[in-house]
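From first to last, the protein sequence lines stand for chains A, B and C. Position 27 (the first sequence) corresponds to 26 in numbering that gives the first Met the number 0; numbering is contiguous. Position 28 (the second sequence) corresponds to 27 in numbering that gives the first Met the number 0; numbering is contiguous. Position 633 (the third sequence) corresponds to 632 in numbering that gives the first Met the number 0; numbering is contiguous. Note that CB positions come from ideal geometry on N, CA and C, so glycine has one too. All values derive from a computational prediction rather than experimental measurement.
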Amino acid sequence: MTAVTHLLRLDVNGSTVDVAAPAHWTLLEVLRYRLALTGSKQGCDKGDCGACTVLFDGKARLACITLAADAVGHRVTTIEGLVTPAGLDVLQRTFDEAGALQCGFCQPGMIVAARACLDRKPDATRAEIKEALASNLCRCTGYTKIFEAVEQAVRAGKAAHVGGPASLLPSGDATPAPASGAAR
Amino acid sequence: MLRLEPFAFARPGSVDEAVALLAKHGRAARLIAGGTDVMPNLKHGLYEPEVVIGLSAVAELRGIALEGGGAAANGSDGELVIGAMTTLAEVESHPLVLARAPGLAQAARSVAGPTQRTMGTLGGNVCLDTRCVWINQSHFWRKSLGYCLKKDGTVCHVVQGGKSCVAAASNDTATLLCALGATLVIRSARGVRAVAIRDFYKPDGAMNQRLEPDELLTQIRVPAPRRSSGASWSGYAKLRARNSIDFPKLSIAVAWTTDRVGAIDDATLVVSAIAAVPRVIAGIADLARGGRADDPALIARLGEQARKVTIPLTNIDGDTGWRRAMVPVFVKRAFAAARMATTG
Amino acid sequence: MSSSHGSGKPPADRADPLQHARSPNRTFGPQPPGEQFEVIGKRLRKVDGAGKATGEALYTDDLALPGMLHGKTLRSPHPHARIKRIDTTKAEALAGVFGVVTGAEMPARFGVIPWTPDETALCIDKVRFIGDPVAAVAAVDEETATRALDLIEVDYEQLPALFDPAEALARKDVLVHEGNKHGNITKEVLLEFGDPDGALAKSDFVVEDDYFFHGTAHAPIETHVALARYGSDGVLTLWSATQIPHYVHRELAKVLDLPAPQIRVIQPCLGGAFGGKSDPFSLEFCAAKLAMKTRRPVKFLYTREEEFYAHRGRHPMAMRFKTGLSKDGRITAVDSKILIDGGAYSSFGLVTTYYSGQLLTGPHQIPNYRFHSTRVFTNKPPCGPKRGHGSVQPRFALEVQLDRLAEKAGLDPIEVRRRNFQGAYTTTVNGQRVTSNGFDQCLDVVEKASGWKERRGKLGRGRGLGVAGSMYISGTNYCIYPNDMPQAGIQIKVDRSGLVTVFSGASDIGQGSNSVAAYIVAEELGMRVEDVRVVAADSDLCPVDLGAYSSRITFMVGNAAVHAARKLRKQVQAAVAQEWGIEPERVVLAGGFAFDKDDRGKAITSAKAFQITEAVLETLGSTGSYNTPNLGGDYRGGTIGASPAYSFTACVAEVEVDEETGIVTVPHVWTAHDCGRALAPVLVEGQIEGSAYMGFGEVFLEHHDVNRYGLHARPNLLDYTIPTSVDCPEFHASYVESLDPEGPYGAKEAGEGPLHPTIPAIANAIHDACGIWLTKLPFTPAKVVAALQARDAARAAGGGANGTANGRAH
């Protein structure tokens, strides 16, 4: 059948945007190819990898298996939306600091999923972090430095909470693991 | 990118609107709840709807509550009612579910990964399409194969010469809901009906649900434990390749009640991810009655009873002999999971 | 994270390591250019990290050009068939279709290895696997292009298909490639060093058994994507997710019959590769050809399924290994016979066949050695290079056999590897020059980190520890096409503002090669890293680099960067010294300043120093390059696997075997890797962790194969199960710095070597845990259960503890 095009009023990264899109287009297609928000990535085509993860009213959602028309009425936040005039999201900084970014392709989705996790649980433990990121595949890192990056953000959040601005240790001062390498 | 074929999209704001749309479009429509199953299937061309009806704006389909009880302060005598559009993430962590049907929380928590559960709904999981290694692939792939019984073809690649589709029920929560004897409430423009979930599924992998094209699942109702019971228990165990994302290679749910001295007075064991229907294993209550759920010998007998009648096929990836051998192991684990999260 | 300085120092009798290196190029040794390292070895952020974290980084599919069309590829539904007729008329007539292309329009054969060009951009006479590309369409959008594919009529005459490599070897009546000289054999190598038969006959212990390594895929999260524009100036520009832009450039010229200067190849930010993007692929030619035909930009984005068909993943290998050991624990000989399943095309197969034998001769001293490897064509997606190309498979077999022999000899597995350590500055039995070698240190690190001595044997039922070791190349001196030019080059431009731009041909595929180039240039010029910008992988702007493969970039491009920057450094020092009236040696360049070593208050910014230099010299710039010394054994194929330096790895894995289910969990993997100097420790750790992860996935979860119809059994990321965050072990990465005389500041590779020992270490740990030897990958729970049952049956029959899994025991 021929495509039906809707005029969609979307709330993306705090802005209201009107966009004409075929009814069968996914949110990911609209974000990437209509709104030029190319930070959200396409990896698997069908919800298996998490590279397209965005926030939907603050909760993680797979944009590649969400119809754009179904996003109407929800607050959509993409990786680009985590950057504010005040600067980068603490997770964007800690992912960079911790060396969690290799090819970087899974990371917009990963960072967004981590943001949803910390919004729900600012003091998430390593086990909770692992569980929260279990819909996001990374092929480069073995996840090790991703976990460390989220843990750094948790620590930064705690530091901010007890007073004073969130201070981020430069990478050179990141807590080293014991030389024995045991039980990190 | 793998793109969808064109369709129109409708987004009703109420159940009445939704069933009116279904009445109008019938077989040309496809409902979409969380989208985690329907959307990949659409991308693979398994459905060719003219209209997709998105249910995300139907607020009345969401929520978890107790109904019909009230005598006991903890609500233990009420019926647990879950709206079909309640997300699996809500089900897995909701206090009422944890208190009344901890096995359901376990089953919900074992579906896919965390993001899929934030999107996916309990109703969507109950209505999950059957799965098979020969069907859940792209149109190109299935066409190269010459298609199969479930869609567009006339042959079965699992059972040589098979005439009926053996794609497997792969919905974690359905197994548990069958064990609990849940009831489904189904609406259409024609009215409302309730059906026991054990009667909802039929042995046809091509379409394993007794749901008319104009019907909408609105509620999942979990009955109160019988008043004579001392306690009720439910647990779930899932065999899968990875600890996240994957569908079950074996899905096992148990539910039982104990009398006032802790002896089992009723028990149900359900095995799924084998064939089109979650299988309620016959004879379990008789075997279990009077026994204790922490008796390894009893659990082993129940597991063996389930293993005997479970014949895995190659519809799901993984060695069939091994999957069968795992039945008693996962029966044991389902009992253990239930006892880890006991109810009052 | 620990580092220790290994046994990398040359022995006293070889005081000048460069003399040993026989390098025709200048290399500069392991020492810092100034008083101490200011940038190198520090835990720095990547130059492109922030852009990746914010979504700003542009990958190929993030690019869009005005008027851009979208391409789609029609693929063969048959595993083996002759194409009788292709009719594209109806597709061309579809509204929205701008162009259709078939193989006849691009008949030139190509292949990444110039000796085996057996691919065409689209199939012409025959299709050889399900998914082989047949025709391509450019249309106004992807949906229209997809619909047009359905309108292309292709008549096929189906042919018998070969899925089993043993059958492919035997059959002479069914040929995947007609005209191939040796039936379905794509390459056969038999090399013998010493007297393996004699040595085995005299060995105290001999183990001979069969191993199988299954096919696995790279599965980068970004699929293949290419965008082409044919400008009115006659220049064809291709943006592609490739890790070999230079070879793509060469093959484009050949296939499109365009002069190479008219082609520009750009590799944008790349979303993972792991060897899977190191061939030229159909979409690159089709995008280019259709851009030329339609005069509109054309983009092809492969679906995940297409990415699995493009493949080039790890070759399945059926391996018979025979290894001997003396009573005192010395390896006497290794003899292997390997059948390699190549899939439908040659790809890198010539090299794979050599690598399956050539890279096994360290870090253990093997005095007598033979390998006989045969690669055959089958009607399956073509195999190629995956991380640890060619040597991951035989390494698995050899390291498991070493443990089997250790058990027979009653020796600790780590001790056996220590006794056979070949040492630094030696030559392997197959004539490979080994320089620095910190493998003994690596063993020490993982032994200590894992608590091997205290914990092994005391972990309780079903738990165990296993060890393995390995070596890998830091680039190879076998250039894919013969030439005498450098293998790597760097150009540096200096701006008066104090900005330095580094032009590098290297492909940053996530490993961080752009960052390493920036760190090196900043180190040499005493600059802040923020003031160094890297422009990379653009054939119009950057010097040629051969690509991101063979673990060559840090070593080769790193050396080229030192070379280029060192020249500039000397110029700046000389000019500033002249300005200040002091000796050039007194001018220190560090931290964004130039200052007088003897009068530290006398300082100017880097920018000022550059201005002074430009004033006395001329417009500033510099080039540097690197070429390998002459290396390798003096025999046919002796240069394949010859590397200017080898990296070494030791790994200990801890496992828990659930004997009820056969499910094995791996709580910890400790990996210690000798990477020479760790130029960028965070990146080195990331490579070690990522390698160990990838090996772990191959052991249990990942399996690329075809079903009985020849269809890829799992061409998506749901069925092809790569590990999630809740499946992975804790990866403990350590590195050992055996400073290499030839590497940049002593560095060697870190990207591929650390994968190798993960797999046999897990296999050996499973034996330690429950007494079974698993020899056929992947280790599915069903196989584990079967092996445990065999073990129990053997025990019941009084046969002792050695049940053997899914294979014969000898």
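Would you mind telling me which residues of chain C sit closer than 7 Å to residue 47 of chain A, beta carbon to beta carbon, in chain order? Listed by position along chain C, the residues whose Cβ is nearer than 7 Å to that of residue 47 of chain A are 715, 716 and 717.
Counting only beta-carbon separations shorter than 9 Å, does residue 7 of chain B have a partner in chain A? yes
Can a CB atom of chain B be found closer than 9 Å to the CB of residue 789 of chain C? no
In whole angstroms, what separates the C-alpha of residue 627 of chain C from that of residue 514 of chain C? 23 Å
Would residue 310 of chain B be called buried (16 or more neighbouring beta carbons within 10 Å of its own) or exposed? exposed
Which residues of the region 44-61 of chain C have a Cβ closer than 9 Å to any Cβ of chain A? Give them in chain order. For the region 44-61 of chain C, which is checked against every Cβ of chain A, the residues closer than 9 Å are 44, 45, 47, 48, 49, 50, 51, 52, 53, 54, 55, 56, 57, 58, 60 and 61.
If you draw a straight line from the alpha carbon of residue 23 of chain C to that of residue 236 of chain C, how long is it in whole angstroms? Summary for residue 23 of chain C: the model assigns pLDDT 49, below 50, so the residue's position carries little reliability; its value from the coordinates is reported in the next sentence. The alpha-carbon atoms of residue 23 of chain C and residue 236 of chain C are separated by roughly 35 Å.
Chain E partners of residue 184 of chain B, CB-CB under 8 Å? The question asks about chain E, but that chain is absent: this structure's protein chains are A, B and C.
Do the CB positions of residue 499 of chain C and residue 551 of chain C come within less than 9 Å of each other? With contacts defined as CB atoms closer than 9 Å, residue 499 of chain C and residue 551 of chain C fail to qualify as a contacting pair.
Could you spell out the range, first to last residue, of the alpha helix (DSSP H) harbouring residue 611 of chain C? 605-615
Along the region 58-87 of chain A, what residues have a CB closer than 8 Å to any CB found in chain C? 77, 78, 79, 81, 82 and 87
Rounded to whole angstroms, how far is the Cβ of residue 34 of chain B from the Cβ of residue 61 of chain B, which I believe are closer than 8 Å? Wrong, their Cβ atoms sit about 15 Å apart, outside the cutoff.
Counting only Cβ pairs nearer than 9 Å, list the residues of chain A close to residue 56 of chain B. 69, 71 and 72
Please state whether DSSP places residue 247 of chain B in a helix, a strand or coil. Looking at residue 247 of chain B - three-state DSSP - the assignment turns out to be coil, as it is neither helix nor strand.
Going along chain B, which residues have a C-beta under 7 Å from residue 1 of chain A? 5
Helix or strand or just coil, what does DSSP make of residue 4 of chain B? coil
Going by the DSSP bridge assignment, what does residue 746 of chain C pair with across the sheet? C:675
From the DSSP output, in three-state form, read off residue 338 of chain B for me. helix
From the beta carbon of residue 802 of chain C, is the nearest beta carbon of chain B less than 9 Å away? Only weak support is given to the placement of residue 802 of chain C: the predicted model assigns it a pLDDT of 44, under 50, and the question is left unresolved by the model.
Return the chain-ordered ranges of every alpha helix (DSSP H) run that is complete within the region 542-582 of chain C and spans a minimum of 4 residues. List check, alpha helix (DSSP H) in window: 557-579.
Go ahead and pull the three-state DSSP assignment for residue 151 of chain C. coil
Classify residue 20 of chain C as helix, strand or coil using the three-state DSSP reduction. Interpretation of residue 20 of chain C is limited by its pLDDT of 40, a score under 50 that renders its predicted location unreliable; the figure taken from the coordinates is listed afterwards. Here residue 20 of chain C sits in helix by DSSP.
With residue 440 of chain C as the anchor, note down where its alpha helix (DSSP H) starts and where it stops. 438-448
Proximal chain B residues relative to residue 76 of chain C, where beta-carbon distance stays under 8 Å: The contacting residues are 139, 142 and 143.
Is it true that the CB of residue 167 of chain C sits closer than 9 Å to the CB of residue 310 of chain C? no
Under 8 Å between beta-carbons, which chain C residues line up against residue 140 of chain A? List them in chain order, please. Within chain C, the residues near residue 140 of chain A are 685, 688, 689 and 692.
To the nearest angstrom, how far is it from the Cα of residue 353 of chain C to the Cα of residue 175 of chain C? 22 Å
What's the C-alpha gap between residue 59 of chain B and residue 755 of chain C? 56 Å
Within-9 Å CB hit, residue 243 of chain B to chain C: yes
What's the call for residue 666 of chain C, buried or exposed, on a 16-neighbour Cβ count within 10 Å? exposed
Any residues in the region 126-152 of chain C with a beta carbon nearer than 7 Å to a beta carbon of chain B? Which ones, in chain order? 129, 141, 142 and 145
What is the residue span of the beta strand (DSSP E) that residue 106 of chain A lies within? From DSSP, residue 106 of chain A is part of no beta strand (DSSP E) but of the alpha helix (DSSP H) over 106-119.
For residue 101 of chain C, report the span of its beta strand (DSSP E) as first-last. 96-101
Interface residues of chain B around residue 659 of chain C at Cβ under 7 Å? 328
Pull up the distance between the alpha-carbon of residue 3 of chain A and that of residue 10 of chain B, whole angstroms please. 14 Å
So, is the C-beta of residue 101 of chain A closer than 9 Å to a C-beta in chain C? yes
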